[in-house]
Amino acid sequence: MTLFTRIIKGEIPSYKVAEDDKHYAFLDINPLAKGHTLVIPKLAEPEADYIFDLTDEQLQGLITFAKKVAVGIKAATGCKRVGVAVLGMEVNHVHIHLVPMNSEKDMLFTNPKLSLPAEEMAIIANSIAEAIEKK
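Numbering-wise, our numbering comes out as the position in the sequence shown, counting from 1, plus 3.
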């Protein structure tokens with residue numbers, strides 16, 4: 004069972020921003036920017052760890068859900084764009100990074116990661132969740 008499956012099951016806490024019956028979105032605990040969110044599919048065992056191993060239907064659903072989350076991130080953070088990255092090397096579970104950005108340099112994964120207090124993470128997650136609900 005992957006770390007992300009344990010998050011979906013509630014075994015590990017997360018800062019959830021959105022969820023439906025097939026997807027889950029939560030803040031990255033080592034963000035590049037405030038609002039950096041991970042979007043993952045809820046998959047049955049075994050979990051897919053490569054995005055292009057998903058079925059066409061699963062991939063379409065994941066991208067559509069990620070778009071909804073990205074709209075909320077943009078509204079909540081006021082960024083110019085929300086960058087999208089699929090790396091998949093850190094956790095063996097399909098995931099999409101959504102990173103608020105004001106320049107292309109904001110998407111460099113070699114940039115130092117932020118360390119935000121729990122209270123601030125909760126505020127950010129709630130503001131994104133509220134922005135998603137308004138759309």
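Yeah, the Cβ is synthetic: ideal placement off N, Cα and C, and Gly gets one too. Since we're looking at a predicted model, the values are computed, not measured.
**Uninterrupted alpha helix (DSSP H) stretches inside the segment 17-82 (no shorter than 4 residues)** = 59-80
**Asked** When burial is assigned at 16 or more other CB atoms within 10 Å of the CB, is residue 81 buried or exposed?
**Response** exposed
**Prompt:** Do three or more CB pairs link the segment 122-130 to the segment 89-98 at distances below 8 Å?
**Reply:** no
**Prompt:** Quick one, which of 87, 134 and 106 has its alpha-carbon nearest residue 40's?
**Reply:** 87
**Item:** Three CB pairs or more closer than 8 Å across the segment 51-69 and the segment 9-16
**Value:** no
**Request:** Could you spell out the range, first to last residue, of the alpha helix (DSSP H) harbouring residue 92?
**Result:** From DSSP, residue 92 is part of no alpha helix (DSSP H); its letter is neither H nor E.
**Prompt:** So, using beta-carbon positions, are residue 35 and residue 116 closer together than 8 Å?
**Reply:** yes
**Prompt:** From residue 104 to residue 76, what does the alpha carbon distance come to, in whole angstroms?
**Reply:** 10 Å
**Prompt:** Are residue 71 and residue 135 close, meaning C-beta to C-beta below 8 Å?
**Reply:** yes
**Asked** What residues match up with residue 143 in a beta bridge as DSSP calls it?
**Response** The structure shown does not extend to residue 143, since the chain spans only 4 to 138, so no value can be given for it.
**Message:** Measuring alpha carbon to alpha carbon, tell me which residue in 6, 37 and 79 is nearest residue 118.
**Reply:** Of the candidates 6, 37 and 79, the one whose C-alpha sits nearest the C-alpha of residue 118 is 37.
**Message:** I'd like the span of the alpha helix (DSSP H) that includes residue 137, first residue to last.
**Reply:** Per DSSP, residue 137 belongs to the alpha helix (DSSP H) from 121-137.
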